[in-house]
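This report refers to the structure that appears directly beneath it.
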Amino acid sequence: MRCLILPLCLVLAAPVAAQDMHLAAELDLSVAQVSRSGSAVNSSFFGPLSEVEDFNLTRLNTRVAVPTTAGSRLQLGLLLDDSDAATTVSGFDSDDTYRAARQLSLQFGLVDDNRYLGFFGASGDVRFNPDDADQDASFTTVGLAGQWHQGDFSLGGHVGVLDSSAEDPETLGDATFIAGNVAYYFNDQTRFAGRAAYVSGDQDLDSSSPDPVELVALGLEIERGFAIGAGQHMASVYGTVDWVNLREGSSSGLTEEASDLVIGLGIRIAFGAGTRRANDHAFAPRLPQFTRWLGAVPVVD
Numbered sequence: 001m002r003c004l005i006l007p008l009c010l011v012l013a014a015p016v017a018a019q020d021m022h023l024a025a026e027l028d029l030s031v032a033q034v035s036r037s038g039s040a041v042n043s044s045f046f047g048p049l050s051e052v053e054d055f056n057l058t059r060l061n062t063r064v065a066v067p068t069t070a071g072s073r074l075q076l077g078l079l080l081d082d083s084d085a086a087t088t089v090s091g092f093d094s095d096d097t098y099r100a101a102r103q104l105s106l107q108f109g110l111v112d113d114n115r116y117l118g119f120f121g122a123s124g125d126v127r128f129n130p131d132d133a134d135q136d137a138s139f140t141t142v143g144l145a146g147q148w149h150q151g152d153f154s155l156g157g158h159v160g161v162l163d164s165s166a167e168d169p170e171t172l173g174d175a176t177f178i179a180g181n182v183a184y185y186f187n188d189q190t191r192f193a194g195r196a197a198y199v200s201g202d203q204d205l206d207s208s209s210p211d212p213v214e215l216v217a218l219g220l221e222i223e224r225g226f227a228i229g230a231g232q233h234m235a236s237v238y239g240t241v242d243w244v245n246l247r248e249g250s251s252s253g254l255t256e257e258a259s260d261l262v263i264g265l266g267i268r269i270a271f272g273a274g275t276r277r278a279n280d281h282a283f284a285p286r287l288p289q290f291t292r293w294l295g296a297v298p299v300v301d
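Take this note's numbering: the last position of the sequence shown gets the number 301, and nothing is skipped along the way.
Spelled out as structure tokens, the structure:
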């Protein structure tokens with residue numbers, strides 16, 4: 001295993017100035033369609049072709065940011081994923097299909113008007129279709145996060161490690177990753193954002209020779225917010241396009257590849273910030289999509 005614990009240390013060049021921070025909360029509900037393709041999808045020469053290539057996902061994501069001492073913030077998050085993927089294909093049990101996931105996260109960091117620097121930790125589980133219940137995995141991830149706001153732009157990122165365990169470990173484990181995000185604000189209520197991540201890890205960890213896996217994730221998002229109440233809260237609608245590409249190597253030299261194209265729509269309701277821009281300042285940078293990375297990997301097995 002490359003690493004079990006990432007040192008969680010925070011370093012700032014100068015003391016962070018105190019700011020007037022308030023408790024903030026957000027409720028996020030989205031639906032998405034997943035389309036799978038690639039050489040690893042339904043490529044078996046033995047048995048039925050039973051990997052589900054198109055299915056829908058529903059996601060519920062909540063987070064609460066609590067100011068602690070002057071210049072610091074504690075954030076808690078809960079994420080739930082659910083899939084409607086068919087459990088049978090042409091009369092056979094479906095194979096290697098993402099069923100559901102849940103994730104709990106904690107983030108803590110130092111913050112001022114334009115900067116955030118902190119650490120995160122998350123744990124949860126990912127489930128697959130009933131015929132692959134032995135592949136259901138629990139996971140943990142820890143790392144560092146940073147965000148910088150300047151004018152109409154924001155730039156941030158995460159670096160960390162991710163590991164998982166299962167009875168039959170066919171998803172991502174023993175992995176390191178780096179992720180980045182950038183956003184442009186057309187005005188206080190409208191933003192366009194992009195995200196990217198690179199992950200290097202292993203699959204089939206109970207084998208004497210685990211298979212190396214590389215994952216690249218790219219995404220775009222556009223969001224429009226509206227103040228509600230007396231301007232202290234907001235609601236927004238957003239659309240997303242994400243692409244997750246997987247490459248699995250093996251000791252035989254064979255490389256298999258698969259991609260998930262995920263197109264989604266969602267709504268967010270935020271309490272404690274009246275604009276999209278203010279809401280982004282009120283929270284730590286949004287975590288990478290760990291559960292969907294893990295849910296994608298078994299298809300290249």
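Think of the CB as a built atom: it goes at the ideal place given N, C-alpha and C, for glycine as much as any other residue.
The structure displayed is predicted, hence computed values, not measured ones.
Exercise. Look at the alpha carbon of residue 63 and the alpha carbon of residue 129, and state the distance between them as a whole number of angstroms.
Key: 28 angstroms
Practice problem: Going by DSSP, name the residue or residues bridged to residue 243. | Solution: Note: residue 243 sits in a beta bridge opposite 218, 261.
Practice problem: State whether the stretch 228 to 241 contacts the stretch 280 to 289, with contact taken as three or more CB pairs (one from each stretch) at a distance under 8 angstroms. | Solution: Contact between the stretch 228 to 241 and the stretch 280 to 289 is absent, with fewer than three C-beta pairs closer than 8 angstroms.
Quiz prompt | Check whether residue 143 and residue 160 have beta carbons under 8 angstroms apart | solution = yes
Practice problem: Apply the 10 Å Cβ neighbour rule to residue 184 and answer buried if 16 or more other Cβ atoms are within range, or exposed otherwise. | Solution: exposed
Quiz item: For residue 116, is the classification buried or exposed, using 16 other Cβ atoms within 10 angstroms of its Cβ as the cut-off for buried?
Solution: buried
Quiz item: Excluding the five sequence neighbours on either side, which residues of its own chain have a C-beta within less than 7 angstroms of the C-beta of residue 282, listed in chain order?
Solution: Cβ neighbours of residue 282 beyond the five flanking positions: 24, 65, 272, 273.
Quiz item: In terms of residues, what are the limits of the beta strand (DSSP E) holding residue 302?
Solution: With the chain represented from 1 up to 301, any question about residue 302 goes unanswered, as that position is not in the structure.
Quiz item: The alpha helix (DSSP H) with residue 291 in it runs from where to where?
Solution: 290 to 296
Quiz item: Less than 8 angstroms separating the beta-carbons of residue 219 and residue 195?
Solution: Yes, the Cβ-Cβ distance between residue 219 and residue 195 is below 8 angstroms.
Exercise. Below 8 angstroms on the Cβ atoms is my guess for residue 52 versus residue 172; work out the distance and round it to an integer in Å.
Key: Incorrect: roughly 19 angstroms between the Cβ atoms, too far for contact.
Quiz item: Should residue 104 be labelled buried (16 or more other beta-carbon atoms within 10 Å of its own) or exposed?
Solution: exposed
Quiz item: Which one or two residues does DSSP pair with residue 190 in a beta bridge?
Solution: Answer by DSSP bridge pairing, in chain order: 187, 224.
Practice problem: Would you kindly report the start and end of the unbroken beta strand (DSSP E) that includes residue 51? | Solution: Segment: none, residue 51 is in no beta strand (DSSP E) and carries neither H nor E.
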